[in-house]
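This report refers to the structure that appears directly beneath it.
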Amino acid sequence: MANDQKHTGGSLLFSVLQAHGVKHVFGYPGGAIMPIYDALYDSEVEHYLCRHEQGAAFAAVGYARASDKVGVCMATSGPGATNLITGLADALADSIPIVAITGQVPTSAMGSDAFQEIDIFGLSLACTKHSFQVTDIKDLARVLHKAFAIALEGRQGPVLVDIPKDIQQAEITCTLEDLSQLRNKVELPPVDVTQAITLLSNAKKPILYVGGGVGMANAIGELREFCNKTNIPCVSTLKGLGAIAPENEHYMGMLGMHGTKAANLAVQQSDLLVVVGARFDDRVTGKLDEFAPNAKVIHFDIDQAEINKRRKADVAILGDLKVNLPALAVPLSIKAWQDECKQSSMDSAWRYDHPGESIYAPAVLKEISDQMPKNTCVTTDVGQHQMWAAQHMAFNDPSDWLTSGGMGTMGFGLPAAIGAQVSRPTDCVIAVTGDGSFMMNVQELATIKRFQLPVKILLIDNAKLGMVRQWQDLFFNGRLSETDLSDNPDFIMLATAFDIKAKEITKKNEVKDAVSEMLTHNGPYLLKINIDAEDNVWPLVPPNTANHDMMESK
Amino acid sequence: MNHYQLTITVDDRQVVLERILQVTRYRGFLINGITAVVNTGTKIGTIELMVQSTRPISLLVDQINKLIDIKDVVVTHDSVNG
């Protein structure tokens, strides 16, 4: 055939990646993936060498989350492949479309406990949406096409393709498949929203509960139109932040364990929850039996398995939010409830008049949020700083807010920021991190240095594993077990060693100028702020407690 | 403890049986018995799975249905509803 081309397995891989629009991949070479890296040498695909395979996986996740593209990462067999697993699990928990390519020992050696051999195909079952092992070069292109299709269809997720070394080296002459064959396996019946409209129209105290599925469905416009037409009081999950317009006067902030008082109280009092792309996660519901006890539920989702999983839906609306949500957008007569919610928000508004001389992290995050350019993408790690960022920063789109939600993976923020910066090279990218999390993938400073990525890093340093310390203080009788990090390295010296400009501040009156300096610096920058180790994240709903019984102080 | 029997129809692809077993265990169902046959002509497999759990069987059915190579899942016996 005229379009037939001669390929090795390695070169075919990159041809298929390019056919899917892939321009960037993140990875780390090794013995069993060398033929692929040899083919990379001739490819137009740009490779970002990370300094650990976990960093490569999180960079791919950040790349995908900050854009509407699939993230791609690569690693060798054995330890290279196992190092990807945490990133795959993170992507599965947060429904992020990535394709992971792993090298494998040659097929003739498989099953012999060969050097750097591990059954990554078997290991992948619990941490991917789907996985493949290619055992015939003739299957390679079809499998790779399918990997992209599966990653993107329905509820998105990570797909792993394990390619033995001999398959990478094998030769084949072929024509690439037509990409239009991709189809969505999720076959959903037409939706009748009549019952939902009746429920919504009759509700006296409805709440819109928005999750990460809105951004994944690319239905931000439809959601905001729904808000505008209904003027319904609304709350967001951690992953849903950015979907509701920050200026929406009926928005009460995040709900759940560290949600706002107004959001949690309103949900508890509501008589109808309109749940959009959310899954009643335990960090959202608190004690499930007492979550929104008087509310009926309308549940929009793309995943049948989320319906009735943790909370029974009175009406389930399965399918594409972009199509289904507008059908429910009816004007509501709920002025008394709107006023009550607004008053509650005003009564419990955040305060930044923190006593003492030490820097107050929420005030710094508010300052950054106020100063940062409109299209800024913020990543976080996991812990107190993550919850403060969620509480005190405002985002215009979920793709501007990358945080490890379902898996809660420390070490996410820095490599995710690398991926975000590669996918959005002209936008400001800020990694908000803590001193515990930062050290978990600190080697990625070398990636920032190598590619001169202008990532800004806000390091909130309390010389503690702060969230665990907070829980030990509150729920384990103050027995502070293994949460002291007072022997941290000199972070300024560390950043400087990677040619990254760094600054430390310790006083409140330094914050404004320091934030400005960081945001306007032309290149990577680390700003370290030292905070009081006793500062806690409030409010806090204690474990297995109803959300209305939140703690607001010690 | 409730007992159920599922009949699962699958495309006979790599590790489809392992995937079903992994999901069944992870979602809180104990396997009491299993039979599996493949029609080598059509390359369609049929798996009979006997399970027990305190959880509703719909949770497992929905999760198995999400697996890529699954064609159909039917609850063929249910000790709760007869």
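Residue numbers (my numbering), protein chains in the order written: chain A, 1 to 554; chain G, 1001 to 1082. Cβ coordinates follow ideal geometry from the N, Cα and C atoms, glycine included.
Identity of the residues DSSP links to residue i by a beta bridge
| i | result |
| --- | --- |
| residue 164 of chain A | A/104 |
| residue 1046 of chain G | G/1009, G/1037 |
| residue 46 of chain A | A/24 |
| residue 301 of chain A | A/318 |
| residue 348 of chain A | Paired residue(s): none; residue 348 of chain A is not in a bridge. |
| residue 119 of chain A | In the DSSP output, where bridge partners are listed per residue, residue 119 of chain A has none listed. |
| residue 275 of chain A | A/209, A/299 |
| residue 73 of chain A | A/26, A/100 |
| residue 585 of chain A | With chain A covering only 1 through 554, there is no way to say anything about residue 585 of chain A. |
| residue 502 of chain A | A/526 |
| residue 1078 of chain G | G/1004 |
| residue 1052 of chain G | G/1003, G/1030 |
| residue 159 of chain A | A/99, A/130 |
Coarse secondary structure for residue i, derived from DSSP in three states
| i | result |
| --- | --- |
| residue 230 of chain A | helix |
| residue 411 of chain A | coil |
| residue 241 of chain A | coil |
| residue 172 of chain A | strand |
| residue 341 of chain A | helix |
| residue 132 of chain A | strand |
| residue 539 of chain A | coil |
| residue 374 of chain A | coil |
| residue 86 of chain A | helix |
| residue 247 of chain A | coil |
| residue 422 of chain A | helix |
| residue 555 of chain A | Residue 555 of chain A is absent from the structure shown; chain A starts at 1 and stops at 554. |
| residue 456 of chain A | strand |
| residue 7 of chain A | strand |
| residue 461 of chain A | strand |
| residue 440 of chain A | coil |
| residue 184 of chain A | Below a pLDDT of 50, predicted positions are generally treated as unreliable, and residue 184 of chain A, at 48, falls in that range; the measurement from the model is reported next regardless. Looking at residue 184 of chain A - three-state DSSP - the assignment turns out to be coil, as it is neither helix nor strand. |
| residue 448 of chain A | helix |
| residue 1017 of chain G | helix |
| residue 252 of chain A | strand |
| residue 124 of chain A | helix |
| residue 1 of chain A | Only weak support exists for where residue 1 of chain A lies, its pLDDT of 47 falling under 50; the value from the coordinates is given anyway. Residue state, collapsed to three classes: coil. |
| residue 994 of chain G | Because chain G in this structure spans residues 1001 to 1082, residue 994 of chain G falls outside the shown range and cannot be described. |
| residue 386 of chain A | helix |
| residue 402 of chain A | strand |
| residue 1062 of chain G | helix |
| residue 235 of chain A | strand |
Test item: CB-CB of residue i and residue j under 8 Å
| i | j | result |
| --- | --- | --- |
| residue 1058 of chain G | residue 1004 of chain G | no |
| residue 61 of chain A | residue 98 of chain A | yes |
| residue 167 of chain A | residue 159 of chain A | no |
| residue 105 of chain A | residue 17 of chain A | no |
| residue 325 of chain A | residue 222 of chain A | yes |
| residue 274 of chain A | residue 255 of chain A | no |
| residue 414 of chain A | residue 451 of chain A | no |
| residue 265 of chain A | residue 295 of chain A | no |
| residue 391 of chain A | residue 362 of chain A | yes |
| residue 318 of chain A | residue 196 of chain A | no |
| residue 580 of chain A | residue 407 of chain A | Since the first and last residues shown for chain A are 1 and 554, residue 580 of chain A lies out of range. |
| residue 234 of chain A | residue 208 of chain A | yes |
| residue 500 of chain A | residue 526 of chain A | yes |
| residue 309 of chain A | residue 297 of chain A | no |
| residue 114 of chain A | residue 9 of chain A | no |
| residue 1076 of chain G | residue 1006 of chain G | yes |
| residue 176 of chain A | residue 15 of chain A | yes |
- Task: Mind checking the segment 101-132 of chain A against chain G and listing, in chain order, the residues whose C-beta falls within less than 9 Å of any C-beta there?
- Result: Cβ contacts with chain G: 121, 122, 125, 126, 129, 130, 131, 132.
- Task: Quick one: which residues of the segment 1015-1034 of chain G get their C-beta closer than 8 Å to a C-beta of chain A? List them in chain order.
- Result: Under the 8 Å Cβ criterion, the segment 1015-1034 of chain G contributes 1015, 1018, 1019, 1022, 1026.
- For the segment 244-264 of chain A against the segment 355-366 of chain A, are there 3 or more C-beta pairs whose distance is under 8 Å? Under the Cβ criterion (8 Å, minimum of three pairs), the segment 244-264 of chain A does not count as touching the segment 355-366 of chain A.
- Item | Three CB pairs or more closer than 8 Å across the segment 333-353 of chain A and the segment 253-273 of chain A | A contact exists between the segment 333-353 of chain A and the segment 253-273 of chain A.
- Task: For the segment 390-404 of chain A and the segment 37-55 of chain A, state whether three or more C-beta atom pairs, one from each stretch, are separated by less than 8 Å.
- Result: Contact fails: fewer than three Cβ-Cβ distances are below 8 Å.
- Task: Please name the residues in the segment 297-316 of chain A whose beta-carbon is closer than 9 Å to at least one beta-carbon of chain D, in chain order.
- Result: As a matter of chain content, chain D is missing from the structure shown, whose protein chains are A and G.
- If we count Cβ pairs, one from each stretch, closer than 8 Å, do we get three or more for the segment 410-426 of chain A versus the segment 63-78 of chain A? When C-beta atoms of the segment 410-426 of chain A are compared with those of the segment 63-78 of chain A, three or more pairs fall below 8 Å, so the two segments count as touching.
- Decide yes or no for the touch test of the segment 533-552 of chain A against the segment 365-382 of chain A: beta carbon pairs closer than 8 Å, at least 3 of them. Look at the beta carbons and you see the segment 533-552 of chain A not touching the segment 365-382 of chain A: under three pairs across the two are nearer than 8 Å.
- Message: Closer than 7 Å between beta carbons: that is the criterion. Which residues of the segment 143-164 of chain A meet it against chain G?
- Response: Legend: CB atoms of the segment 143-164 of chain A lying less than 7 Å from CB atoms of chain G belong to residues 150.
- Message: Can you confirm whether the segment 74-85 of chain A touches the segment 471-480 of chain A when touching is taken to mean that 3 or more C-beta pairs between the two stretches lie within less than 8 Å?
- Response: Taking a cut-off of 8 Å for Cβ pairs, the segment 471-480 of chain A and the segment 74-85 of chain A do not touch, as fewer than three such pairs fall below it.
- Say whether the segment 389-396 of chain A touches the segment 239-246 of chain A, bearing in mind that this needs 3 or more beta-carbon pairs closer than 8 Å, one atom from each stretch. Flag = yes, the segment 389-396 of chain A and the segment 239-246 of chain A touch.
- Item | Residues in the segment 1063-1076 of chain G having any Cβ partner in chain A nearer than 9 Å | Residues passing the 9 Å Cβ filter: 1063, 1065, 1066, 1067, 1068, 1069.
- Item | Contact between the segment 298-315 of chain A and the segment 1010-1018 of chain G (3+ Cβ pairs under 8 Å) | No: fewer than three Cβ pairs fall under 8 Å.
- Three CB pairs or more closer than 8 Å across the segment 486-496 of chain A and the segment 465-474 of chain A: Taking 8 Å as the limit for Cβ pairs, the verdict is that the segment 465-474 of chain A does not touch the segment 486-496 of chain A.
- Determine which residues of the segment 1031-1057 of chain G have a Cβ less than 7 Å from any Cβ of chain A, and write them out in chain order. Taking a C-beta cut-off of 7 Å against chain A, none of the residues of the segment 1031-1057 of chain G qualify.
- Contact between the segment 14-32 of chain A and the segment 139-156 of chain A: three or more CB pairs below 8 Å? Touching, yes, given that three or more Cβ pairs across the two stretches are closer than 8 Å.
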